[in-house]
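Okay, structure first, notes after.
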Amino acid sequence: MDSISKEFSKVEKKQQEVADSTIDNIDKIINEIQEAQKRLETESHKELQKVIIRYEKIVDKKWKNDITIASNPEVFANKEKVLNTTVALHFIREGRFELANTFIREAQLDIPNTIQTQFHEMYQILGDIKLEKLEPAIEWARTKSKELEKRGSTLEFELHRQRYVQLLIDNRREEALVYAKKKFPLFHSRHIFDIKRLMCALAFSNRLSTSPYKDLLSPDLWIELQNKFMRDFCNLLGMSSESPLYISVTVGATALPTILKMATIMKEKKNEWSQQDELPVEVPLPDYMRYHSIFACPVSKEQSTEKNPPMMLPCGHVICHESLNKLSRGNSRFKCPYCPHESIANQALRIYF
Numbered sequence: 016m017d018s019i020s021k022e023f024s025k026v027e028k029k030q031q032e033v034a035d036s037t038i039d040n041i042d043k044i045i046n047e048i049q050e051a052q053k054r055l056e057t058e059s060h061k062e063l064q065k066v067i068i069r070y071e072k073i074v075d076k077k078w079k080n081d082i083t084i085a086s087n088p089e090v091f092a093n094k095e096k097v098l099n100t101t102v103a104l105h106f107i108r109e110g111r112f113e114l115a116n117t118f119i120r121e122a123q124l125d126i127p128n129t130i131q132t133q134f135h136e137m138y139q140i141l142g143d144i145k146l147e148k149l150e151p152a153i154e155w156a157r158t159k160s161k162e163l164e165k166r167g168s169t170l171e172f173e174l175h176r177q178r179y180v181q182l183l184i185d186n187r188r189e190e191a192l193v194y195a196k197k198k199f200p201l202f203h204s205r206h207i208f209d210i211k212r213l214m215c216a217l218a219f220s221n222r223l224s225t226s227p228y229k230d231l232l233s234p235d236l237w238i239e240l241q242n243k244f245m246r247d248f249c250n251l252l253g254m255s256s257e258s259p260l261y262i263s264v265t266v267g268a269t270a271l272p273t274i275l276k277m278a279t280i281m282k283e284k285k286n287e288w289s290q291q292d293e294l295p296v297e298v299p300l301p302d303y304m305r306y307h308s309i310f311a312c313p314v315s316k317e318q319s320t321e322k323n324p325p326m327m328l329p330c331g332h333v334i335c336h337e338s339l340n341k342l343s344r345g346n347s348r349f350k351c352p353y354c355p356h357e358s359i360a361n362q363a364l365r366i367y368f
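Start counting the sequence shown at 16; every next residue gets the next number (this note's numbering).
Put into structure tokens, the structure is as follows:
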């Protein structure tokens, strides 16, 4: 038994030596890893700092910290209510009705509930169009048919076109034909070419995706339909399709570099802006962000309004209604201010832009 005990002690001792050696090796490895990690962190931090410093220098060089030189704080003096109303209407136009109500209440604004009701209807119908449910939009367009036609809108026809294509996709040829006979004659004079294509597509209803009329299946048509509906809805409310606040901020951000450069140059030359409400330089903007008077009478130099609309004379020249009355002096004949042609007031036609 003694001999066994001695041998066991030797084994135990050897195991302990191996374990101690292993632990020492593990500790050594851990220390080496930790040291390597610290070195990497230090190097990475230095590299990051170099990049950040380089970026800051570029930003400082390209961007002016003081943008107040390009602003005129007096423009918004005593116009808090106007600005608050603009913000509230932006929330309503974006469909954020709960936020709009909170803002209106806290800013103590008086905005008619009818505006929210109208935009709520718009977003409901728009949501249906996104789900490819056209009936609510078609009904809305039907009730506004005269106003839409007066503005030259094609929305009502495009809604019926899209519904007709839906029936073809579902292989409901008989229903599609009945629908076309019922709806398309209303738009014959303006859309005869499109109607002919739609009727020819009927022959390819079982393979429309590989037919000459596969463009009728484009997803872009649904996006265009949504945009056209929003634009026409806003136009009938007497509003632009884009929020004025969005346009103002976008235009301001786009124009800021040009205005800053101009302001810096004028400051160096000790010049000042004129007192007119205009910039001394042209600011490059996309066409859809360019707003101007639709018509200014060449005789009176005044902008046209609903009460003083533009009127086209038989010769083709256009003047405002008030100028027409002054020239005609009742019902007498008068000469066009810009050509020898003579006419009378009731021959002039009101035009819409």
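Here a beta-carbon is modelled for each residue, glycine too, at the ideal position from N, C-alpha and C.
**Asked** Which whole-angstrom value describes the C-beta separation of I82 and L271, a residue pair presumed to lie in contact below a C-beta threshold of 8 angstroms?
**Response** Translated into positions along the sequence shown, residue 82 becomes position 67. Translated into positions along the sequence shown, residue 271 becomes position 256. Right, their Cβ atoms sit about 7 angstroms apart.
**Message:** Quick check on the DSSP output: the beta strand (DSSP E) that includes V333 runs from which residue to which?
**Reply:** For the purposes of this step, residue 333 is identified with residue 318 of the sequence shown, where counting begins at 1. Annotation for V333: the continuous beta strand (DSSP E) segment containing it runs V333 to C335.
**Request:** Verify whether the separation of the beta carbon atoms of S315 and S338 is less than 7 angstroms.
**Result:** What you label residue 315 is simply residue 300 of the sequence shown in a count that begins at 1. What you label residue 338 is simply residue 323 of the sequence shown in a count that begins at 1. Yes, these two residues count as a Cβ contact at 7 angstroms.
**DSSP bridge partner residues for L364 (one or two, in chain order)** = Counting from 1 along the sequence shown, the entry for residue 364 is found at position 349. Per DSSP, M327.
**Prompt:** Any idea what DSSP makes of Q318, helix, strand or coil?
**Reply:** For this step, residue 318 is matched to residue 303 along the sequence shown. DSSP places Q318 within a strand segment (E or B) once states are collapsed to three.
**Asked** Hey, quick one: how far does the alpha helix (DSSP H) through I82 stretch, first residue to last?
**Response** For the purposes of this step, residue 82 is taken as residue 67 along the sequence shown, with counting starting at 1. Run containing I82: none; DSSP gives neither H nor E here.
**Request:** Kindly list the residues whose CB is nearer than 8 angstroms to the CB of K224, restricted to its own chain and excluding five residues on each side of it in sequence; keep chain order.
**Result:** Working through the sequence shown from its first residue, we reach residue 224 at position 209. Just to set this straight, residue 224 is Ser in the shown sequence, not Lys. Closer than 8 angstroms at the Cβ level, and outside the excluded window around S224, lie L232.
**Separation of Q52 from R305, as counted between CA atoms** = On the sequence shown, position 290 is the one that residue 305 refers to. On the sequence shown, position 37 is the one that residue 52 refers to. About 58 angstroms.
**Request:** Could you check which residue in P313, S86, A122 and L275 has the C-alpha nearest to that of A103?
**Result:** As a first step, residue 103 must be located in the sequence shown, where it is residue number 88. Selected option, being the one with the closest Cα: A122.
**Request:** Kindly give me the distance between the Cβ atoms of L213 and A195, rounded to whole angstroms, as I take these residues to be in contact under 8 angstroms.
**Result:** Position 198 of the sequence shown, counted from the first residue, corresponds to residue 213. Position 180 of the sequence shown, counted from the first residue, corresponds to residue 195. Yes, they are in contact, since the Cβ atoms of L213 and A195 sit about 7 angstroms apart, within 8 angstroms.
**Message:** My output table needs one value for A311: the three-state DSSP class, helix, strand or coil.
**Reply:** Position 296 of the sequence shown, counted from the start, is the residue given in the question as residue 311. Residue state for A311 is assigned as strand, using DSSP reduced to three classes.
**Buried or exposed by the 16-neighbour rule on C-beta atoms within 10 Å, applied to S204** = Here residue 204 refers to the residue found at position 189 when the sequence shown is read from its first residue. By the neighbour-count rule (16 or more Cβ atoms within 10 Å), S204 is not buried but exposed.
**Asked** Looking at the unbroken alpha helix (DSSP H) that takes in I210, where does it start and where does it end?
**Response** Position 195 of the sequence shown, counting from 1, holds the residue named residue 210. Unbroken alpha helix (DSSP H) run through I210: H203 to A216.
**Message:** Taking the alpha carbon of R188 as the reference point, which residue from K159, P127, R222 and L201 has its own alpha carbon closest?
**Reply:** Sequence index remark: in the sequence shown, residue 188 carries index 173 (1-based). Considering only K159, P127, R222 and L201, the residue with the shortest C-alpha distance to R188 is R222.
**Request:** Quick one: give me the first and last residue of the alpha helix (DSSP H) that Q133 is part of.
**Result:** Locating residue 133 in the sequence shown gives position 118, counting from the first residue. Per DSSP, Q133 belongs to the alpha helix (DSSP H) from N128 to K145.
**Prompt:** Which word fits Q290, buried or exposed, when buried means at least 16 other C-beta atoms lie within 10 angstroms of its C-beta?
**Reply:** Here residue 290 refers to the residue found at position 275 when the sequence shown is read from its first residue. Since pLDDT at Q290 reaches only 46, below the 50 mark, its modelled position is unreliable, and the value read off the structure follows with that caveat. Note on Q290: under 16 other CB atoms within 10 angstroms of its CB, so exposed under the neighbour-count rule.
**Message:** On the criterion of 16 or more Cβ atoms from any shown chain inside 10 Å, does Q49 qualify as buried, or is it exposed?
**Reply:** Working through the sequence shown from its first residue, we reach residue 49 at position 34. Exposed, since its Cβ has fewer than 16 Cβ neighbours within 10 Å.
**Request:** Can you check DSSP and say which residues form a bridge with E357?
**Result:** As a position in the sequence shown, residue 357 is number 342, starting the count at 1. Assignment of beta-bridge partners to E357 by DSSP yields K350.
**Prompt:** How long is the line joining the alpha carbons of Y179 and P352, rounded to whole angstroms?
**Reply:** Counting from one through the sequence shown, the residue named residue 179 turns up at place 164. Counting from one through the sequence shown, the residue named residue 352 turns up at place 337. Looking at the backbone, the Cα of Y179 and that of P352 are separated by about 51 angstroms.
**Asked** Going by the beta-carbon positions, is the gap between Y138 and G110 smaller than 7 angstroms?
**Response** For the purposes of this step, residue 138 is identified with residue 123 of the sequence shown, where counting begins at 1. For the purposes of this step, residue 110 is identified with residue 95 of the sequence shown, where counting begins at 1. With a cutoff of 7 angstroms on beta-carbon distance, Y138 and G110 are scored as near each other.
**Message:** Is the separation between the beta-carbon of L260 and that of T117 shorter than 7 angstroms?
**Reply:** Position 245 of the sequence shown holds residue 260. Position 102 of the sequence shown holds residue 117. It is not a contact, given that the beta carbons lie outside the stated cut-off.
**Inter-residue CB distance, K159 and L251 (contact presumed, cutoff 8 angstroms)** = For this step, residue 159 is matched to residue 144 along the sequence shown. For this step, residue 251 is matched to residue 236 along the sequence shown. Rounded to whole angstroms, the Cβ separation of K159 and L251 is 6 angstroms, and the two are in contact under 8 angstroms.
**Asked** Are P301 and R365 touching if we call contact CB-CB under 7 angstroms?
**Response** For the purposes of this step, residue 301 is taken as the residue at position 286 of the sequence shown. For the purposes of this step, residue 365 is taken as the residue at position 350 of the sequence shown. No, the pair does not count as a contact, with Cβ atoms beyond the cut-off.
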